[in-house]
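Okay, so here's the structure we're looking at.
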Amino acid sequence: MLIEEYELEVFTPPCEPGAERFSAIAHLKDDITGVLPYLNATLKGAIYNPAVPALSWTRGGRKVVFSASQIAVSNLRDRDEAIRVLESEIERVNRTWERRDEITPSFHVRKRPTPLAIYRLLPQTNCKKCGEPTCYVFATKLAAGQHRLSDCPPLTAPEYQESLAALQEMLADVAG
Ligand code: SF4
1 MLIEEYELEV
11 FTPPCEPGAE
21 RFSAIAHLKD
31 DITGVLPYLN
41 ATLKGAIYNP
51 AVPALSWTRG
61 GRKVVFSASQ
71 IAVSNLRDRD
81 EAIRVLESEI
91 ERVNRTWERR
101 DEITPSFHVR
111 KRPTPLAIYR
121 LLPQTNCKKC
131 GEPTCYVFAT
141 KLAAGQHRLS
151 DCPPLTAPEY
161 QESLAALQEM
171 LADVAG
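Taking my numbering, the leading residue of the sequence shown gets 1, the next gets one more, and so forth.
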């Protein structure tokens, strides 16, 4: 087992004082750098940065960042959810480490598209059908994995067919 113990920290992000969502960090006693290329090989859409080292992954609107001695998770409801989500990610790390002989590690570094690159392909009508005040806010959240392309209904109109195809291709490598 790679991770045996951790200390939990739950907090409100400093950029969102008063927010009702929380972030949490599992401070690990063990160094998990060695498992990151194996997670990169198995987690679709993970963004790996060997220089840090860190690997981030978005799942269900929640960003998970694995680094040498921490696992950080955002967008949590409360402390109970923080414990549940972090224990599930710790189990994922341990399971991946135990199976490492069956996995070819990946050192591939994916690039997440910028909000501006996404915005240029959106309808730019600010119609709010996605629930966001502007297309640019939608682009920012799409880039962060907090929305899906299907959340923008106007993109299915025939005149946006080419834009939709370009967006699908742009996001294919990083869609969580
Ligand atoms: S639904 Fe699409 S077009 Fe409308 S505001 Fe959202 S991103 Fe823009």
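Think of the CB as a built atom: it goes at the ideal place given N, C-alpha and C, for glycine as much as any other residue. The structure presented is a predicted model; accordingly, all values stated were derived computationally and were not measured.
{"Check": "Here's the rule I'm using: 16 or more other beta-carbon atoms within 10 Å means buried, otherwise exposed. How should Gly176 be labelled?", "Outcome": "Its pLDDT being 42, under 50, Gly176 is placed unreliably by the model, and the measurement read from it follows with that caveat. Per the 10 Å Cβ criterion, buried."}
{"Check": "DSSP beta-bridge partners for Trp97?", "Outcome": "Beta-bridge pairing links Trp97 to no other residue."}
{"Check": "Under 7 Å Cβ to Cβ from Ala26, same chain only, skipping five residues before and after it: list those, please.", "Outcome": "Tyr6, Leu8, Gln70, Ile71, Leu86, Ile90"}
{"Check": "I need the boundaries of the alpha helix (DSSP H) containing Leu36, first residue and last residue.", "Outcome": "36-42"}
{"Check": "Whose C-beta lies closer than 6 Å to the C-beta of Ser163 among residues of the same chain, with five residues either side of it excluded?", "Outcome": "Leu121"}
{"Check": "Return the CA-CA distance between Thr12 and Val64, expressed in angstroms with no decimal places.", "Outcome": "16 Å"}
{"Check": "Kindly indicate the opening and closing residues of the alpha helix (DSSP H) around Ser163.", "Outcome": "161-172"}
{"Check": "Using only alpha-carbon positions, find the residue among Thr114, Ser150, Arg21 that is nearest to Gly131.", "Outcome": "Ser150"}
{"Check": "Give me whichever residues DSSP pairs with Leu55 in a beta bridge.", "Outcome": "Tyr48, Phe66"}
{"Check": "So, under 8 Å CB-CB, Leu76 and Arg148 are touching, yes? Tell me the CB distance rounded to an integer number of Å.", "Outcome": "That belief does not hold up - the Cβ atoms of Leu76 and Arg148 are roughly 20 Å apart, past 8 Å."}
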